[in-house]
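J.: The structure is given below, and queries will be raised subsequently.
Numbering (our numbering), first residue to last: 21 to 122.
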């Protein structure tokens, strides 16, 4: 169960930073791109590490179903991370537009 929780959190954070990164690139936020890449790499290692540990358990125990269930935290973490990133980026853009109009 711990693997699924770690994978959910790692995937959530990785996809949130990856989506944020795409928005930074689209809006030419060069400084943000540099630091977001650094944060992304940490969470990406967490995702790969959790999947690798689970794969090792499957090889030793033969429980293929538990490996296939990794898709659930990957799916939920990824989709929720993207939604959060979009909301944060929109708030940042709206705040910047409000400050520019004053």
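C-beta: ideal position from N, C-alpha, C; glycine also.
Out of 93, 85 and 31, which one is the CA nearest neighbour of residue 65?
T.: Checked all of 93, 85 and 31; the closest Cα to residue 65 is 31.
J.: Do the region 47 to 56 and the region 81 to 101 touch if we need at least three Cβ pairs shorter than 8 Å?
T.: Touching, no.
J.: Going by CA-CA distance only, name the one from 43, 101, 60 and 21 that's closest to residue 110.
T.: Closest by alpha carbon: 43.
J.: If you count every other CB in all the chains shown that lies within 10 Å of the CB of residue 79, and 16 or more means buried, which is it?
T.: That one is exposed.
J.: Near residue 24, which residues of its chain fall below 6 Å by C-beta distance, leaving aside the five closest residues on each side in sequence?
T.: Once the five neighbours on either side are set aside, the close Cβ partners of residue 24 are 93.
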